[in-house]
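For the sequence shown, my numbering begins at 2 and goes up steadily by one. See below for the structure under consideration.
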Amino acid sequence: MKKLFFVAALTVFGLLNVKAQSRSGDFTIAPQVGLNLSNYTSSENLNNKIRLSFNAGAIGEYYFSDRWSVRSGLLYDSKGTKITESGENYIDKLNYLAIPLHANWHFGSKRDWFLNFGPTLGFLLSAKADTPQGEIDIKDEIDATFDVGLGIGIGYKFEVSDTTQLYIQYQGYGGFINVIDNLDFSLTNTTSAFNVGVIIQP
Numbered sequence: 002m003k004k005l006f007f008v009a010a011l012t013v014f015g016l017l018n019v020k021a022q023s024r025s026g027d028f029t030i031a032p033q034v035g036l037n038l039s040n041y042t043s044s045e046n047l048n049n050k051i052r053l054s055f056n057a058g059a060i061g062e063y064y065f066s067d068r069w070s071v072r073s074g075l076l077y078d079s080k081g082t083k084i085t086e087s088g089e090n091y092i093d094k095l096n097y098l099a100i101p102l103h104a105n106w107h108f109g110s111k112r113d114w115f116l117n118f119g120p121t122l123g124f125l126l127s128a129k130a131d132t133p134q135g136e137i138d139i140k141d142e143i144d145a146t147f148d149v150g151l152g153i154g155i156g157y158k159f160e161v162s163d164t165t166q167l168y169i170q171y172q173g174y175g176g177f178i179n180v181i182d183n184l185d186f187s188l189t190n191t192t193s194a195f196n197v198g199v200i201i202q203p
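In structure tokens form, the structure reads like this:
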């Protein structure tokens, strides 16, 4: 009986190990959409507030094992801030094409949690400002037509089928490059995002 139990345990362990290792070489694609809470981080105490906006795009992911993968993709990523002066609101609306280049660590007993981290590149698509007099174009005033920063996020995957999963994710971003150079203080992009998406294995 003990031998039978031992053989059965080895068989189950072997099957689980094969299943875990089978993720190596897998590729997935994940359309996503999310709510952005963006602002500027500054060395000065500015009278600015969080701007609510959105992101949308798709993330591709390549697996080296059941624990590690790399992810990248293309995202339309809205940033900026809300400023209140003399009771009037001004909203900077900076829209970037974002390209994350992240490592992704999958953890938990079923590898349904994931933690991603790494640089994110951003290319400015448009820059406008809502003012009490109307919307104006401010792209010529923005020096950070290229942005780069550190992204880090955590999420959870829900199994739908063998090839499809839903996920929820919190993603943070801190920029390294000044949005406007000719100021006496630093001004960089900061974003917190709450995303939902679908992971599809072709």
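Even for Gly, the Cβ is constructed at its ideal location relative to N, Cα and C.
Are the Cβ atoms of residue i and residue j separated by less than 7 Å?
i: I169; j: A145; result: no
i: T164; j: T42; result: no
i: K80; j: L98; result: no
i: N105; j: R72; result: yes
i: L76; j: G58; result: yes
Given this structure, state the Cα-to-Cα distance separating residue i from residue j, to the nearest angstrom.
i: I155; j: V197; result: 12 Å
i: F159; j: R24; result: 17 Å
i: R68; j: I51; result: 35 Å
i: D138; j: L47; result: 22 Å
i: Y64; j: I143; result: 38 Å
Using DSSP with H/G/I as helix, E/B as strand and the rest coil, what is residue i?
i: D131; result: strand
i: K50; result: strand
i: K140; result: helix
i: A10; result: Its pLDDT being 43, under 50, A10 is placed unreliably in this model, and the value from its coordinates should be taken loosely. Residue state, collapsed to three classes: helix.
i: L95; result: strand
i: D78; result: strand
i: N18; result: Because the pLDDT at N18 is just 45, under 50, the model does not fix this residue reliably, and the value given afterwards should be weighed accordingly. Of the three classes helix, strand and coil, the one that applies to N18 here is helix, per DSSP.
i: T164; result: coil
Could you tell me which residues DSSP pairs with residue i in its beta bridges?
i: T146; result: None, per the DSSP bridge assignment.
i: R72; result: E62 and H103
Apart from the five residues just before and just after residue i, which ones in its own chain have a Cβ nearer than 6 Å to its Cβ?
i: S44; result: F186 and S187
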